[in-house]
Amino acid sequence: MRMSTFPVPEATSRKCATFHRVKIEITAPQGVRFKALLSLRDVARAISTKAGPSRTWRTWESSPTSRSAGESLTTEDVCFEIIKPATADSHGAYAHTLSSSDLGDAAAFISHAWAYSFDALIDALMATEGIDAETILW
């Protein structure tokens, strides 16, 4: 278990901030092994042969779009077509559906755009020096 402390501002009537220290206990694993993401990519590739559902969660679209059959899934598609269904009953984190051996303290943080291909994200990680199947990512 790691303990971390972070300064947290507290508003005052004089419109200035007073900082207090707050302890946060981190007891759960922080990330997943890259090999779990490789498996997720395999699932994404398998379902890409069929058209995706209507993207009704996109409230900004007047007529919801959908992914065409054969089209690579974006990170957004992976979330709504794989992650959300896998966690619908538990309402928990996708990490909780994985083997505990695939979880642990993250060695690296990755940031990605939901609009781009999940395959491209995985390819970029594979090409990154220092990341292999056992690397734990957040």
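Take the working numbering: the last position of the sequence shown gets the number 263, and nothing is skipped along the way.
C-beta: ideal position from N, C-alpha, C; glycine also.
Around the Cβ of E206, a 10 Å sphere holds 16 or more other Cβ atoms; the residue is buried. In this chain, the alpha helix (DSSP H) harbouring R166 covers 159-172.
Per DSSP, the beta bridge partners of S179 are S191. When DSSP reads this structure, L262 sits in a beta bridge with V157, A233. Judged by beta-carbon spacing, Y241 lies beyond the 8 Å limit of T190, meaning their Cβ atoms are not closer than that value. For F243, the enclosing alpha helix (DSSP H) covers residues 243-251. For D202, the enclosing alpha helix (DSSP H) has its first and last residue at 200-203. Rounded to whole angstroms, the gap between the alpha carbons of E254 and S187 is 43 Å. Short of 7 Å from the beta carbon of T222, and not among the five residues preceding or following it, lie these beta carbons of its own chain, in chain order: A211, T212.
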